[in-house]
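What follows is a set of notes on a single structure, which appears directly below.
Protein chains: 2
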Amino acid sequence: MYYIGVDVGGTGIKAGVVTEDGKILKSCAIATKKDSHYTELIKDMADLIFKTLKEANVSLDDVKSIGIGFPSSVDDKNGVVIYTANINLNNAPVTEELKKYINKPIYIGNDANCAALGEYFALNDDSVENFVAVTLGTGVGGGIIINKKLYTGSNGSAGEIGHIRLMMDGEKCSCSRDGCWECYASATALIRDSKRAAQNNPDSLLAKNIEKNGGRSNGKLVFDTAKEGDKTAKKVIDNYIKYISEGLIDIINIFQPSVIAIGGGISRQGDNILKPIKEYIKGKTYGASYITPCEITVARLGNDAGIVGAAFLGK
Amino acid sequence: MYYIGVDVGGTGIKAGVVTEDGKILKSCAIATKKDSHYTELIKDMADLIFKTLKEANVSLDDVKSIGIGFPSSVDDKNGVVIYTANINLNNAPVTEELKKYINKPIYIGNDANCAALGEYFALNDDSVENFVAVTLGTGVGGGIIINKKLYTGSNGSAGEIGHIRLMMDGEKCSCSRDGCWECYASATALIRDSKRAAQNNPDSLLAKNIEKNGGRSNGKLVFDTAKEGDKTAKKVIDNYIKYISEGLIDIINIFQPSVIAIGGGISRQGDNILKPIKEYIKGKTYGASYITPCEITVARLGNDAGIVGAAFLGK
Chain A
39 MYYIGVDVGG
49 TGIKAGVVTE
59 DGKILKSCAI
69 ATKKDSHYTE
79 LIKDMADLIF
89 KTLKEANVSL
99 DDVKSIGIGF
109 PSSVDDKNGV
119 VIYTANINLN
129 NAPVTEELKK
139 YINKPIYIGN
149 DANCAALGEY
159 FALNDDSVEN
169 FVAVTLGTGV
179 GGGIIINKKL
189 YTGSNGSAGE
199 IGHIRLMMDG
209 EKCSCSRDGC
219 WECYASATAL
229 IRDSKRAAQN
239 NPDSLLAKNI
249 EKNGGRSNGK
259 LVFDTAKEGD
269 KTAKKVIDNY
279 IKYISEGLID
289 IINIFQPSVI
299 AIGGGISRQG
309 DNILKPIKEY
319 IKGKTYGASY
329 ITPCEITVAR
339 LGNDAGIVGA
349 AFLGK
Chain B
39 MYYIGVDVGG
49 TGIKAGVVTE
59 DGKILKSCAI
69 ATKKDSHYTE
79 LIKDMADLIF
89 KTLKEANVSL
99 DDVKSIGIGF
109 PSSVDDKNGV
119 VIYTANINLN
129 NAPVTEELKK
139 YINKPIYIGN
149 DANCAALGEY
159 FALNDDSVEN
169 FVAVTLGTGV
179 GGGIIINKKL
189 YTGSNGSAGE
199 IGHIRLMMDG
209 EKCSCSRDGC
219 WECYASATAL
229 IRDSKRAAQN
239 NPDSLLAKNI
249 EKNGGRSNGK
259 LVFDTAKEGD
269 KTAKKVIDNY
279 IKYISEGLID
289 IINIFQPSVI
299 AIGGGISRQG
309 DNILKPIKEY
319 IKGKTYGASY
329 ITPCEITVAR
339 LGNDAGIVGA
349 AFLGK
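Written out as structure tokens, the structure is:
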């Protein structure tokens, strides 16, 4: 049997046919009609699913279930998208609507939660019962697996781990608070901090590299500049590692999962971030000296996690 | 059938015979021999259990299981106490030892987790699947109920919600970090902050009331002084409410439970803390304007929560 996973984003919708063991057999994408009525978006989605099945040469009869990840707060029990920032999809009964086209079990979830579920299955380790995925991207997202199941809370919206407080009266957050972890550990925060540091140290290599790049900074640029020995970039990275690690310590103290996987563009730095993060965290989690430590790793699926995780909502 | 709940503390051990619906039929207590070998402590515990059963006039045949809450990190799967700060109980196979005296199913847990489980059952609301209990005492402890079960993580030590970071580079914590929630929201923190405020405002009523009390402050004194209209005490309380609330927002953003119950001595202030906390939190949790809010309440069982929760580890 196969699973269909759909990953809805602000710009595109991707659908994939996923095998029992989490491989994407075939995927297709279309643009998201952000301002259309939800019925139109769901019709597009149904067409996309049938197209993907056809290209994968898989019959609908061989599909066990369909899962959809939305960049939204969702009521997963009732199949309703509650709120989406950038798409016209509020209070939309999406499951009921998609049922008009496809008579299969349909599951919906938040996209970050789906990505976490995908990464959990990618671990392929049956001994892991509790797992947290953290995505360091434009913001900081995440998803929580408890007793091998996605945890979505009492209203479908749990797992906003980017919005735990790191610093009282800190940087302004996109949510209504300030000082959230996201304001310090996201790629956006790294870019902001690197620009500030460059401004304060105009003779640094960091300032020069940002200038050479048309005034734009990015994660790779800052890491590369630090590797060249620039003290300003190195300080920015050291702080960034501290910010990431402090949030991870919070997550460990709360959940004591077996594994945390770090995803998002920054995670492509691999050991450049993993090693210093592990070093920083060592001994700082509650009871660190006598309890089994949590393993910290980088995410494996990257952009495919959303499709695989959505597909496996029904697994 | 009945359940036996045992609550092990640094000074005393309490055992209770608990009914199916969470009432303590009879409880007895003894002093904790903190420095004795664990075998002696467990022998005392067995004697205490038999004494309590006798006084309750309940036969061991009518007992379904025994649960014990330790002020410790525990390996609940294997029945071993891993680490305790104040009692000689490290790496102690307590379940195996107690089995020598009593042949019943035995469960062990952390005391704060047990109290949370007790408070969860005290809600007596089957619709509540996810629940967090927070105890504002000497420290800040807590316990997490997920899908109606106590969540203890992959190593038995989850739920250290007092040790999430509220303030980077903040007050020194008893764990290895600084700025933990516990450093701001515990009764200990309130007392510290009230003394500081009194020192800085020697003409305030707060300063006078602390002086009258032999230089000692306590939660009730600060709340009472604020109620009398003293601005210094009021500011201390306002900040304290802010600190409690900011941690609660973190917990809501992560867990989105249906209910959070606040326990500990401070919770006896009832509406004096509940009302301003609810007011502070309103609109500040992630997605507050469109998702079902979490109910915040005060704990119901008080000191009995430990016995009832321990008893119900086996329920």
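Keeping their order, the protein sequence lines are chains A and B. Following the numbering used here, the numbering of the first sequence begins with 39 at its first residue and continues without gaps. Following the numbering used here, the numbering of the second sequence begins with 39 at its first residue and continues without gaps. Even glycine gets a Cβ: it sits at the ideal position worked out from N, Cα and C.
Per DSSP, what are the beta-bridge partners of histidine 179/B in this structure? Here the sequence assigns glycine to residue 179/B, which means histidine is not the residue at that position. Its beta-bridge partners are Thr173/B.
What residues of chain B sit near alanine 196/A, judged by a beta carbon separation below 7 angstroms? Here the neighbours are Ile292, Phe293 and Gln294.
Cβ closer than 7 angstroms: which chain B residues qualify as neighbours of serine 111/A? Correct list: Gly325, Tyr328 and Ile329.
Within 9 angstroms of any Cβ in chain A, is that where the Cβ of asparagine 168/B sits? Contacts with chain A at 9 angstroms (Cβ-Cβ) include asparagine 168/B.
Using the three-state DSSP reduction, which class does valine 166/B fall into: helix, strand or coil? Here DSSP, grouped into helix, strand and coil, assigns valine 166/B to coil.
Given that a residue counts as buried once 16 or more other Cβ atoms are within 10 Å of its Cβ, and exposed if not, what is threonine 49/B? That one is exposed.
Measuring CB atoms only, is the segment 221-235 of chain B touching the segment 266-277 of chain B, in the sense that at least three cross pairs come out at less than 8 angstroms? At 8 angstroms Cβ cutoff, the stretches touch.
Taking C-beta to C-beta, are valine 112/B and glycine 217/B nearer than 9 angstroms? One thing to note: valine 112/B has its Cβ no nearer than 9 angstroms to the Cβ of glycine 217/B.
Strictly under 9 angstroms for the Cβ-Cβ distance: is threonine 190/B near chain A by that measure? Using beta-carbon distances, threonine 190/B counts as an interface residue toward chain A, with a partner under 9 angstroms.
When you compare each of Leu339/B, Ile289/B, Cys66/B and Lys71/B to lysine 92/B by their alpha carbons, which one comes out closest? Out of Leu339/B, Ile289/B, Cys66/B and Lys71/B, Cys66/B has the C-alpha closest to the C-alpha of lysine 92/B.
Considering only the beta carbon of each residue, do alanine 196/A and glycine 301/A sit closer than 9 angstroms? Their beta carbons are not under 9 angstroms apart, which means alanine 196/A does not touch glycine 301/A by this criterion.
Should arginine 357/B be flagged as near chain A, meaning a C-beta pair shorter than 9 angstroms? The requested residue 357/B is not part of the displayed model; chain B covers only 39 to 353.
Threonine 70/A and valine 44/A look like a contact to me (Cβ under 8 angstroms); what is the Cβ gap, rounded to whole Å? About 11 angstroms separates the two Cβ atoms, so there is no contact after all.
Buried or exposed (CB count within 10 angstroms, at least 16 for buried), glycine 177/A: It is buried - the Cβ of glycine 177/A has at least 16 other Cβ atoms within 10 Å.
Lysine 250/B classed as buried or exposed, judged by whether at least 16 other C-beta atoms fall within 10 angstroms: With fewer than 16 Cβ atoms within 10 Å of its Cβ, lysine 250/B is classed as exposed.
If you reduce the DSSP assignment to three classes, tell me which class asparagine 410/B lands in. Residue numbering for chain B in the displayed model covers 39 to 353; residue 410/B lies beyond these limits and cannot be assessed.
Comparing C-alpha positions only, which one of Tyr281/B, Gly340/B and Val297/B sits nearest to glycine 200/B? Selected option, being the one with the closest Cα: Tyr281/B.
Residue-chain proximity (serine 224/B, chain A), Cβ-Cβ < 9 angstroms: Not one chain A Cβ lies under 9 angstroms of serine 224/B.
Considering only DSSP beta bridges, list what threonine 335/A is partnered with. In the DSSP output, where bridge partners are listed per residue, threonine 335/A has Ala299/A.
Can you tell me whether threonine 77/A is buried or exposed, with buried defined as 16 or more other CB within 10 angstroms of its CB? Per the 10 Å Cβ criterion, exposed.
Let me know the secondary structure DSSP gives glycine 217/B once reduced to three states. In the three-state DSSP reduction, glycine 217/B falls in the coil class, being neither helix nor strand.
Between asparagine 126/B and histidine 75/B, how many whole angstroms is the CB-CB distance? I'm expecting something under 8 angstroms. About 7 angstroms; that satisfies the 8 angstroms criterion.
Three or more C-beta pairs below 8 angstroms linking the segment 141-160 of chain B and the segment 99-116 of chain B: Touching, per the Cβ criterion.
Can you name the start and end residues of the beta strand (DSSP E) that leucine 63/B belongs to? Element bounds for leucine 63/B: 62-69.
Whole-Å CB distance - proline 295/A paired with valine 172/A, under 8 angstroms assumed: Not quite, the Cβ-Cβ distance comes to about 11 angstroms (not below 8 angstroms), so this is no contact.
Of all the residues that make up the segment 205-216 of chain A, which are near chain B by a beta-carbon distance shorter than 7 angstroms? Hits within the stretch, in order: Met205, Met206, Cys213, Ser214 and Arg215.
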